[in-house]
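Trainee: So that we are looking at the same thing, I have put the structure below in structure tokens.
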Amino acid sequence: MSRSFGDYVASTVGVSCEPEIIHYRMNSNFAFLVVASDGVWEFFSNDEIQKIIVQNWQQNMTAKKLTEICDHIIKLSTQRWHQEDEVVDDISIIIAYLQKP
């Protein structure tokens, strides 16, 4: 079963608009939150994504730097998809920097 918004035709073949929701308890040690599509998670584990972010981390993180990290992960995901198949799934990622107050 897949997820999709507004795709009524696909609903006839098992695509659902009902999201999969998982709750995690966060504490003050978390520095960032990653939300990504299965086009990213198909080839990356949580640990791999964390390693990429930490390797590119800057003390004064900027939106521009976070965008560069997202672009890098998108590029790597696309490469891995092309190595696996001719088809590339949608690849979307958001990294939210959780600043301490």
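Take the sequence shown: its position 2, counting from 1, is numbered 23 in this note's numbering, and each next residue is one higher. Even for Gly, the Cβ is constructed at its ideal location relative to N, Cα and C.
Using beta-carbon positions only, say whether Cys91 and Ile70 come within less than 8 Å of one another.
Mentor: It is not a contact, given that the beta carbons lie outside the stated cut-off.
Trainee: Hey, would you say the C-beta of Gln104 is under 7 Å away from at least one heavy atom of the ligand GTP?
Mentor: For the ligand GTP, the structure offers nothing, since it holds no ligand at all.
Trainee: Taking one C-beta from the region 79-96 and one from the region 36-49 each time, how about it: are there three or more such pairs within less than 8 Å?
Mentor: They do not touch, by the three-pair rule.
Trainee: Between the alpha carbons of Tyr45 and Phe51, how many angstroms are there, rounded?
Mentor: In a straight line, the C-alpha of Tyr45 is about 12 Å away from that of Phe51.
Trainee: For Arg101 versus Phe64, is the C-beta spacing smaller than 8 Å?
Mentor: Contact: yes.
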